[in-house]
């Protein structure tokens, strides 16, 4: 008898049939598995945005601080120059006053020295007169 192909029991390779995947099922898997990745990405993006905002805020604060520091330095420099100018003016006035005072004192010294010399001469003259009077007084005795 002739063999009928249907009569043969042949077993083909063992293959697992692919489960029929619905598009909505695939989306759920994407959200479930990919959601963690997406959430992580969103979280990182938010952190980066927060850090950028903070960095911008800090940069602006630093810039303002630098501007204030520069202003303070200019004010300090201006005050230093004014102070030096006042010191020079004060020293000039003091030198003028001291020079005038020294001139006055020197003049007074010269007058006193002259008066002392006159007094010394007068004293010497009086001593001579006194000595003469003593001599006359002793001679007459």
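Residue numbers (our numbering): 5 to 145. In this text, a Cβ means the ideal position worked out from N, Cα and C, and glycines have one as well. Here the structure is a predicted model, which is why all the values come from computation and not from measurement.
Residue-level contact to chain B via CB, residue i, 8 Å cutoff
i          : result
residue 82 : No chain B is present in this structure, which holds just one protein chain.
request  = Tell me the start and end of each unbroken alpha helix (DSSP H) in the stretch 118-145 that is at least 4 residues and wholly inside, in chain order.
outcome  = Counting only runs of at least 4 residues, the stretch 118-145 fully encloses no alpha helix (DSSP H) element at all.
query = Of all the beta strand (DSSP E) runs that stay within the bounds of the stretch 58-100, which reach a length of 3 or more residues?
reply = If you keep only unbroken beta strand (DSSP E) runs of at least 3 residues inside the stretch 58-100, you get nothing at all.
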